[in-house]
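Asks: Count along the sequence shown from 1, add 57, and you get the number used in my numbering. The beta carbon of each residue, even a glycine, is placed where N, CA and C say it ideally should be. A quick note: this is a predicted structure, and the numbers were derived from the prediction, not measured. Please read through the structure below; I'll follow up with questions.
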Amino acid sequence: MSKKLNIALVGNPNSGKTSLFNVLTGLNQKVGNFPGVTVEKKTGNCKISDKESVNIIDLPGTYSLYPKRADEWVAYKVLMRQDENVKPDMILLVADASNLKRNLLFCTQIIDLKMPVVIAFTMMDLAKQKGTQIDIPGLERELGVPIVAINPRKNKGIAVLKKSLEFAVENLQQPPARDFIDTALLATGAVKQVKEIFPSISNYTAIHYLINHEHFSLGSKEQLQIEQAETDHTFNPTRTQAEEIMQRYTRIKHIMQQTVVDDDPLKKSLFTERLDNLLLHRTWGYVILIAVLFIMFQSIFWLAQFPMNGIEWSFGKLGGFLAGVLPAGWFSDLFINGIVAGLSGIMVFIPQIMILFGVITLLEDTGYMARISFLTDKLMRKVGLNGKSVMPMISGYACAVPAIMSARNIENKKERLLTIMITPSMSCSARLPVYTILISLIIPSKFYLGFISLPGLVMMALYLLGTVLALIVAWVMKWFIKSAERSFFILELPVYRSPRWKNIATTMLEKAKIFVVDAGKVIMVISLLLWGLSNYGPSKKMAAVTQKYDALVMANPAEEVHLQKERKTALLQASYAGQLGSFIEPSIRPLGYDWKIGIALITSFAAREVFVGTMATLYSVGDGADENSSTLRQKMAAATRADGTKVYDLATGLSLLVFYVIAMQCMSTLVIVKRETKTWKWPVIQFLYMTGLAYLLSWVTYVIFK
Ligand SMILES: Nc1nc2c(ncn2[C@@H]2O[C@H](COP(=O)(O)OP(=O)(O)OP(=O)(O)O)[C@@H](O)[C@H]2O)c(=O)[nH]1
Ligand SMILES: [Mg+2]
């Protein structure tokens with residue numbers, strides 16, 4: 058068996074590469090209707106014929122072979138065969154037929170690399186709507202490579218494309234025969250000299266070696282030789298590049314005159330244009346934007362509460378049932394009150410997580426997300442960010458990890474760094490469980506106008522707090538980060554598309570599954586660990602407590618019930634968990650927290666949603682809370698301090714909410730920030746500023762409301 062071939066999927070951003078990738082490989086990579094959805098390479102397997110399977114590599118979109126953004130560099134390195142992990146044998150180029158001129162520029166650059174290539178035209182439906190007719194056989198003749206019209210959204214043309222790929226694979230030794238433009242002429246002497254060092258590369262590839270060799274992994278000898286070629290022939294990269302693009306466009310224009318017929322472009326005003334007149338309107342645009350965000354946050358709270366009540370009720374029943382059938386003992390206690398309670402505490406949030414992801418996917422799929430960027434660019438600029446920062450920020454409402462990666466799409470390095478630094482302040486889905494449970498403890502469930510709920514408003518205020526703080530922090534930080542780079546905002550506004558409901562449904566289910574499985578695993582481990590820590594302690598201390606209460610019960614048999622309760626509390630306090638709690642309590646007492654909350658804060662560094670599981674375990678061990686209360690919420694509501702006052706009063710609740718809004722409690726985020734910035738400096742700064750700020754503002758909140 059010969060080695061499996063690698064086919065790289067490249068093309069302009071938002072041209073439908075990932076849609077095609079998913080169709081070819083059966084995988085489910087993220088597709089969205091804005092440029093810059095894919096920012097990493099991803100490989101999948103595709104059977105192109107009965108005998109042949111190939112690797113398809115999905116890549117970030119690139120406008121040309123002159124990369125500017127981090128995501129474009131990922132694709133560029135693969136195409137230049139400078140990526141250690143993927144060396145493409147062939148290229149499958151996706152071109153948006155409704156934006157032919159710009160897409161052809163990239164096509165012709167790829168052709169001149171002299172690698173075997175097949176072109177797939179997407180968006181033929183849109184081209185037709187615009188009144189554009191394309192003579193595909195004519196274009197094939199002019200470009201000298203096969204072209205197949207497809208629609209990956211509707212699964213059309215895929216069989217023909219596979220045939221074409223199969224044919225190309227069988228004739229791999231025949232790259233495009235002709236140069237599209239005579240690239241050797243752009244820098245004759247220098248190209249010749251580079252090709253003496255690397256005889257197998259094309260003339261056009263040689264030009265890329267001249268321009269970008271510092272970024273290539275070459276030996277130091279070769280680097281010096283290329284530099285020599287540059288000086289020997291006074292190679293001017295900017296001039297060469299400008300000349301190249303001009304020559305390409307001249308020829309593309311010529312070819313398009315022969316192969317493409319356009320209706321009068323002014324005659325038809327497209328649906329997208331008409332809708333944008335409203336959605337990007339100077340006043341109405343903003344009114345609608347605020348309304349959209351308002352509905353999004355209200356639905357997370359309001360719409361979700363019905364299924365949530367159902368889930369909570371079912372788990373209450375399950376707990377009751379289990380308590381009835383399992384033998385009494387430490388194991389049942391741990392299982393029912395720790396693990397099942399912790400899991401139910403998480404399952405309850407599935408509806409909210411699903412709605413949140415559903416709404417965000419809807420925004421991305423329709424193309425409205427790109428409009429949010431456009432509308433907010435001015436505001437973003439004032440604080441040192443960019444309109445493009447909005448997409449990571451909004452997806453940060455779901456999870457900071459992919460959001461931070463999507464910042465690769467921002468050209469300006471400083472703006473990208475600032476975006477990375479502030480994105481974790483956006484309230485992610487892991488904070489939802491904490492918000493919901495605390496809000497239900499301290500905020501009465503009131504409704505205004507019948508549908509605007511007070512808890513919903515408080516929830517929105519928390520999201521707003523995170524967002525506003527993110528903007529303020531960006532504004533402060535922008536003075537400390539130096540950059541001479543010019544900042545600009547170029548974002549291609551995609552056409553509006555109807556959402557693919559199936560995609561939205563799969564995303565919602567997928568995210569719910571990940572949430573439950575990931576959180577479930579951590580909760581399981583932490584519950585077990587905490588249960589051990591809170592049931593065992595230094596034997597001397599534990600024995601002393603037991604002896605003391607044995608004696609007390611002996612002396613006052615009438616008080617037994619009350620004393621047994623007290624004994625439980627005393628034992629918990631003497632346990633390892635209790636000791637750890639008392640150790641940290643002094644540092645968190647100013648914020649209004651007791652030692653149990655302290656332990657929850659610590660375990661939350663594993664993942665924020667563990668707060669719920671931690672509480673479930675600690676309260677299951679019992680500390681004199683009402684024995685009749687079954688759900689975690691009821692137990693927490695009944696919890697009292699030594700002086701008899703409620704633990705979760707308004708001041709403590711709000712202070713804790715503020716802490717969870719701001720504090721950096723996510724390992725995965727810190728790791729991804731390190732990966733994206735390539736230094737530990739930024740994650741460390743991020744951790745310190747966020748946690749410091751959280752402490753400060755929680756303290757202020759507690760003092761105000763006490
Ligand atoms: N009308 C129409 N829409 C399409 C077609 N192919 C893809 N789309 C839509 O185009 C949008 C972009 O698709 P993606 O597959 O994410 O594009 P991409 O090239 O991977 O984009 P980036 O990763 O951002 O570079 C999605 O909304 C698709 O549903 C097509 O042939 N016709
Ligand atoms: Mg993509």
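Helix, strand or coil: how does DSSP classify K99 here?
Replies: strand
Asks: Are the CB atoms of A720 and Y705 within a distance shorter than 8 Å?
Replies: no
Asks: Is L548 near ligand 1, going by C-beta to nearest heavy atom under 7 Å?
Replies: no
Asks: Less than 8 Å between CB atoms is the rule here; does V582 satisfy it with respect to chain B?
Replies: Among the protein chains of the structure shown there is no chain B, as only one such chain exists.
Asks: Could you please give the first and the last residue of the uninterrupted beta strand (DSSP E) stretch that includes L66?
Replies: L62 to G68
Asks: Using a threshold of 8 Å, state whether the C-beta atoms of G93 and D128 are closer than that.
Replies: yes
Asks: Quick check: is any heavy atom of ligand 1 less than 7 Å from the C-beta of S72?
Replies: Yes, Cβ of S72 sits closer than 7 Å to a heavy atom of ligand 1.
Asks: From what residue to what residue does the beta strand (DSSP E) around N212 run?
Replies: For N212, there is no enclosing beta strand (DSSP E), since its DSSP letter is neither H nor E.
Asks: Given a cut-off of 8 Å on the beta-carbon distance, is the pair M404 and G453 in contact?
Replies: no
Asks: Please state whether the Cβ-Cβ distance between V602 and A576 is less than 8 Å.
Replies: no
Asks: Could you check where the alpha helix (DSSP H) with N142 kicks off and where it finishes?
Replies: Taken as a continuous stretch (DSSP letters only), N142 belongs to no alpha helix (DSSP H), as it is neither H nor E.
Asks: Can T671 be considered in contact with ligand 2, in the sense that its beta carbon sits closer than 7 Å to one or more heavy atoms?
Replies: no
Asks: Around the C-beta of T119, are 16 or more other C-beta atoms found within 10 angstroms, so that it is buried, or is it exposed?
Replies: buried
Asks: CB-CB under 8 Å to R698, same chain, minus the five flanking residues each way: which ones, in chain order?
Replies: So the list reads D651 and V704, once near-sequence residues are dropped.
Asks: At a cut-off of 7 Å, would you count D115 as near ligand 2, judging by its Cβ distance to the nearest heavy atom?
Replies: yes
Asks: Could you compute how far the alpha carbon of R339 sits from the alpha carbon of L432?
Replies: If you draw a straight line from the Cα of R339 to the Cα of L432, it comes to about 9 Å.
Asks: Going along the chain, which residues of its own chain have a beta-carbon closer than 8 Å to the beta-carbon of E542, five neighbours each way excluded?
Replies: Once the five neighbours on either side are set aside, the close Cβ partners of E542 are N469, K470 and K471.
Asks: D319: buried (16+ other C-beta within 10 angstroms of its C-beta) or exposed?
Replies: exposed
Asks: Which residues does DSSP pair with L149 in a beta bridge?
Replies: L66 and V175
Asks: Quick one: is the Cβ of T95 within less than 7 Å of any heavy atom of ligand 2?
Replies: yes
Asks: Under 8 Å, do T165 and I345 count as touching if we go by C-beta distance?
Replies: no
Asks: In or out: E271 buried (at least 16 other Cβ within 10 Å) or exposed?
Replies: exposed
Asks: Would you say E197 and I207 are within 8 Å of each other, going by their C-beta atoms?
Replies: Taking 8 Å as the Cβ cut-off, E197 and I207 do not qualify as a contacting pair.
Asks: Can you look up T697 in the DSSP assignment and give me helix, strand or coil?
Replies: strand
Asks: Only counting the same chain, and skipping five residues up and downstream in sequence, which positions put a Cβ closer than 6 Å to that of G201?
Replies: P233, A234 and R235
Asks: Look at the Cβ atom of S356, then the Cβ atom of V416, and state whether they are nearer than 8 Å.
Replies: yes
Asks: Which word fits L413, buried or exposed, when buried means at least 16 other C-beta atoms lie within 10 angstroms of its C-beta?
Replies: buried
Asks: Kindly indicate which three-state DSSP category A682 falls into: helix, strand or coil?
Replies: Interpretation of A682 is limited by its pLDDT of 43, a score under 50 that renders its predicted location unreliable; no figure is taken from the coordinates.
Asks: For I407, which option in T758, A241 and E567 has the closest C-alpha, if you only look at C-alpha atoms?
Replies: E567
Asks: Take N394 and list the residues in its own chain whose beta-carbon comes closer than 6 Å to its own, dropping the five residues that flank it on each side.
Replies: S677
Asks: Return the first residue and the last residue of the beta strand (DSSP E) that V318 is part of.
Replies: Counting along the chain, V318 sits inside the beta strand (DSSP E) bounded by residues V317 to D319.
Asks: On the DSSP bridge assignment, give the partners of Y505 in chain order.
Replies: I509
Asks: Please classify Y505: is it buried, with 16 or more other beta-carbons within 10 angstroms of its beta-carbon, or exposed?
Replies: exposed
Asks: If you compare alpha carbons, which of T476, S544 and Y717 is closest to M516?
Replies: Y717
Asks: Looking at the structure shown, is K539 part of a helix, part of a strand, or coil, going by DSSP?
Replies: coil
Asks: Which two residues bound the contiguous beta strand (DSSP E) that contains N112?
Replies: Membership of N112 in the beta strand (DSSP E) is indicated by the continuous run S110 to D115.
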